[in-house]
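Report on one structure; see the data block that follows.
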Ligand SMILES: [Zn+2]
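Printed below as a string of C-alpha cells:
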C-alpha cells in the first residue's frame, strides 16, 4: 500500500513550488539601521560589522537616497554625539545629532520613513539608558525621572520631522509617557513602535561598538528582559498596547523566534523583529571565511522571521536583501 498522500507531488517543479510558497519577503518588510556621527564626509566602518558604517549627516543623506531607491520604505536612526553627560543632553536637545540627521533626510528624501530610536544610552556618560543615582555603580536606572527625559527626546525628534518614534529603553510606562508628550505637543498622529520585548542579550555586542554605547559599569539586566522568560514578553506587550503602542518589536530576533510567534499570536498590532548586530556579525564572519553561502543563509533567515510572525524586519542586511530580491 503506497501512502495516499505524497507531499513531494507539490515540490516537482519550480513554478509549482512558487505557487504553494507560504511566506514571501519583500522590500516593504525591511527597515535599515543607520548610525549618525558629527563631522563631514565621515564613513567609519564598524570593525565587528563589515559593511556597516558610522556616517556623518551628509553621508547619511546619500545612504538614505540609496535605501529609498532600493525600495526599502524606512530607516531607523541612532546617534553618536560629540559629548556625553549624565543628563543625556544630546538625546533631547534640538541640535542633537539624530534631530539634525532626521531633518536632513526628510528634506532630501521626503518619502522615506524616518524611524528614530528613542533612548538615552548613546548620550549618557555612563552608557545606561536613563538616570542613575549619583554614585550608584550597579546600573539600576531610576525609572520615573527617566520618563521625563524620554518624553523630551521624543518631542524633539518629532519636531525634527521623525515619522515614527521607537522607544527602546525598557522603562516601565515609557510608551504612555511618550504618547502623552507627543499628544501635548500636537503630534497625536505620530505612531510609536515600541521595543516591547527587548532582552538583555549578548548579541548586542557589535552594536555597542557601532553606537559607542556600552555601559561603563554594571549591565542592563535591571531593565531589559531575562532571556529565559517568554510569558513575561506577553505581559510587556500587553502593557505597551494599553499605553498606546502602535507597533511592537521583539529584539533580538534569531534566538527569539518563539517570542516573535507568541507576540504575533497575542496581538493584532504589526510586529517587528530586530535582526541584531551579533546575528549580522556571525553571518558576515562565516561568509567572509567561505563557510556559508551568505545570500542563501540571509534569505532563509529573513523568510523564517516572517514565517514566525514578523511583519517588519530591522536588519543590517536590508540593502543586500533588497538587491537580491531585484
Ligand atoms: Zn538604551
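Numbering (this note's numbering), first residue to last: 403 to 728. No residue lacks a Cβ here, since even glycine has one placed at the ideal position from N, Cα and C.
With a CB to CB cut of under 6 Å and the five nearest residues on each side skipped, what residues in its chain are close to residue i?
i: residue 566; result: 517, 593, 595
i: residue 619; result: 539
i: residue 447; result: 455
Can you pull the DSSP bridge partners for residue i?
i: residue 493; result: None, per the DSSP bridge assignment.
i: residue 677; result: 717
i: residue 456; result: 437, 446
i: residue 595; result: 649
i: residue 481; result: 438
i: residue 627; result: 601
i: residue 526; result: 487
i: residue 569; result: 520
i: residue 476; result: 433, 515
Drop a sphere of 10 angstroms on the beta-carbon of residue i, count the other beta-carbons inside from all chains shown, and report buried for 16 or more, exposed for fewer.
i: residue 693; result: exposed
i: residue 403; result: exposed
i: residue 410; result: exposed
i: residue 558; result: buried
i: residue 640; result: exposed
i: residue 677; result: buried
i: residue 642; result: buried
i: residue 616; result: exposed
i: residue 704; result: buried
Among the options, whose alpha-carbon lies nearest the alpha-carbon of residue i?
i: residue 561; options: 403, 508, 467; result: 508
i: residue 575; options: 442, 646, 723, 449; result: 646
i: residue 470; options: 572, 721, 506; result: 721
i: residue 476; options: 718, 710, 461, 583; result: 718
i: residue 573; options: 727, 625, 530, 589; result: 625
i: residue 541; options: 532, 547, 549; result: 532
i: residue 628; options: 601, 605, 606, 614; result: 601
i: residue 460; options: 468, 449, 444, 513; result: 444
i: residue 599; options: 446, 614, 659; result: 659
i: residue 514; options: 493, 437, 549, 564; result: 564
i: residue 494; options: 512, 519, 679, 474; result: 519
i: residue 749; options: 631, 680, 725, 405; result: In the structure as shown, the chain starts at 403 and stops at 728, and residue 749 therefore has no counterpart that could be examined.
i: residue 529; options: 512, 614, 577, 474; result: 614
i: residue 577; options: 696, 638, 588, 661; result: 638
For residue i, which residues of its own chain have a beta-carbon under 8 Å away from its beta-carbon, when the five flanking residues on both sides are left out?
i: residue 636; result: 664, 665, 668
i: residue 674; result: 433, 595, 649, 650, 651, 652, 712, 713, 714, 715, 716
i: residue 733; result: The shown model of the chain, from 403 to 728, leaves out residue 733, and the question about it has no answer.
i: residue 682; result: 451, 454, 608, 717, 718, 719
According to the Cβ coordinates, are residue i and residue j closer than 8 Å?
i: residue 544; j: residue 580; result: no
i: residue 496; j: residue 708; result: no
i: residue 483; j: residue 499; result: yes
i: residue 465; j: residue 472; result: no
i: residue 479; j: residue 503; result: yes
i: residue 428; j: residue 727; result: yes
i: residue 731; j: residue 556; result: The shown model of the chain, from 403 to 728, leaves out residue 731, and the question about it has no answer.
i: residue 654; j: residue 605; result: yes
i: residue 481; j: residue 550; result: no
i: residue 467; j: residue 511; result: yes
Cβ of residue i less than 8 Å from any chain B Cβ?
i: residue 622; result: Included in the structure is just one protein chain, with no chain B present.
Beta-carbon within less than 7 Å of residue i's beta-carbon, same chain only, minus the 5 sequence neighbours each way: which residues are those?
i: residue 547; result: 533
i: residue 612; result: 437, 448, 451, 454, 456, 679
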